[in-house]
Each structure stands twice: as structure tokens, then as C-alpha cells.
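Right, one structure below, let's go through it.
In full-length UniProt numbering, the protein residues as written are 1 to 134.
Pasting the structure below:
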């Protein structure tokens, strides 16, 4: 089973080491001691904790759709030419970049600071592991 040290868990959760220590000290996040005497968190426990802590912003559009991967956020940058535009959004901790027609940007009234919903519908998703481990 994969285990993560406190600093690694903090980096993955986007919080400080002290925050993770408070969670482990308060029994909110299970911790064990490895063979070297260091506190470690089981990967499965960390994944469950991360999922429980994730709070998505409600979709303000009120539209029902089959796509489940919706990210609510703010437009942070737009680079446009006559035909195409690159729109960047910050959706919680995620940066989402979309390429669309400049006409679509104008029709949607997108500008830096706009509230928008990014809907991701892909036929392929690639998952990689660090260090080339299979």
C-alpha cells in the first residue's frame, strides 16, 4: 500500500504541514508510524479524506446535462485573434483552459472576472504515475 509523509500529504491537499498535523492529532485523518519512526498516512485514507474535503461550487446555470465534469470558476485570462480565443479559468484549485471561437467568446459575453462553468466531456483520459511506475 502507498503511504505519504506529512509534508507530501500537505502538498497534495494544498495545505500546510501544520494543518495536516492538526487533522492527524484530532483523529480526522488516520496516521501510522513507518519502519523509520515517521508519521505516514495510507494512500487510501488520504484519498478518502481528500474526496470528503472537496467542495464543489454549485452550478449557477440551472441547466441539467449529462456531463458530470463541471467546474464553476472565474475567467482569469482571454487571448483572442480574429478567429480563435484561448480562455483560462480558475475553478477552485484547478486551472482550466478552453480553446473556442472568438465569436463564441463574444456571444457568451466572456471577459476577465466573468463567472462561468467549464463542462469537460472527453472521450480519452490519460492517467500517469510519477517516476514511470506502472
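Backbone N, C-alpha and C fix where the C-beta goes; we use that ideal spot for every residue, glycine too.
Asked                                                                                                                                                           : Found
Using a Cβ-Cβ cutoff of less than 6 Å, which residues in the same chain neighbour residue 9 once the five nearest sequence positions on both sides are dropped? : 20, 41 and 46
Can you name the start and end residues of the beta strand (DSSP E) that residue 87 belongs to?                                                                 : 84-91
Return the first residue and the last residue of the alpha helix (DSSP H) that residue 73 is part of.                                                           : Not the alpha helix (DSSP H): residue 73 falls in the beta strand (DSSP E), residues 69-80.
What does the alpha-carbon distance come out to for the pair residue 30 and residue 24?                                                                         : 6 Å
Let's test the definition: count the other Cβ atoms within 10 Å of the Cβ of residue 131 and tell me whether it reaches 16, buried, or not, exposed.            : exposed
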